[in-house]
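Enquirer: One structure coming up, written as structure tokens, with questions to follow.
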Amino acid sequence: MIIGLSHLHSSLRYVVLIFLFLAILDAILAVSSDKPYAKTSKLFALITLISAHIQLLLGLALYFIGDKGFKIITSVEGFMSIAPARFFAMEHISGMILAIVLITVGYSKAKKKEMPKQKYSTILLFYGISLLIIFAMIPWPFMKDFGSWI
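Structure, rendered in structure tokens:
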């Protein structure tokens with residue numbers, strides 16, 4: 002079960018990243034061209050929000066029942082001095098929760114704005130910051146100590 006959840010969590014990142022990128026790109030194009038707020042724009046932002054929350058739920062399940070999260074905190078003495086253990090037990094989850102909070106706040110604030118340019122600017126700001134955090138917190142295989150995707 003943990004392996005299946007891990008694969009699903011690893012694969013769903015692409016859905017989140019694709020829709021996050023689409024929402025940001027759509028906002029950039031809309032701000033620069035003064036386009037009205039379209040249904041597709043709302044859909045990109047909403048699918049990003051929903052997929053990010055599903056990803057968070059999968060991640061929290063893995064954190065508490067898997068080997069790379071809470072189990073490390075409770076069973077490995079001095080885990081903070083071990084880079085991969087610290088990354089998964091503290092840094093990854095903290096950064097991802099922050100990014101998803103920003104996506105949620107950005108979506109909520111954009112929904113309340115009246116003018117299309119304000120909606121797009123809000124999405125651009127909050128989703129853009131979230132994208133940077135997510136890229137920094139993904140355990141990429143080319144990073145030191147992270148040789149595989151899972």
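Numbering (my numbering), first residue to last: 2 to 151.
We treat Cβ as the ideally placed atom computed from N, Cα and C, and that holds for glycine.
Keep in mind that this is a model prediction, so the values were computed, not measured.
1. Where does P1 sit, in a helix, a strand or coil, going by DSSP?
2. Which of the three DSSP states is assigned to F143 in this structure?
3. One question on the structure: do A62 and I73 come within less than 8 Å of each other, judged by their Cβ atoms?
4. On the DSSP letters alone, give me the boundaries of the alpha helix (DSSP H) that K114 sits inside.
5. When the distance is taken between beta carbons, is S122 closer than 8 Å to L103?
6. My guess is that V32 and K118 are in contact by the Cβ rule of under 8 Å, so how many angstroms apart are they, rounded?
7. Does K72 come out as helix, strand or coil in the three-state DSSP assignment?
8. Under the rule that 16 or more other beta-carbon atoms within 10 Å means buried, what is Y128, buried or exposed?
9. Taking C-alpha atoms, which residue in M2, I3, I124, L21 lies nearest to F136?
10. Using a Cβ-Cβ cut-off of 8 Å (strictly less than) and excluding sequence neighbours within five positions of G70, which residues of its own chain qualify?
11. Restricting to Cα atoms, I'd like to know which of I48, L6, G67 is closest to V16.
Expert: To lay it out plainly:
1. Look at the range of the chain in this structure, 2 to 151, and you will see that residue 1 is not part of it.
2. coil
3. no
4. Here K114 belongs to no alpha helix (DSSP H), and DSSP marks it neither H nor E.
5. At a Cβ-Cβ threshold of 8 Å, L103 and S122 do not count as neighbours.
6. Indeed, because the Cβ distance is near 6 Å, the residues count as touching under 8 Å.
7. helix
8. Y128 comes out buried.
9. L21
10. L63, Y64, F89, A90, I94
11. I48
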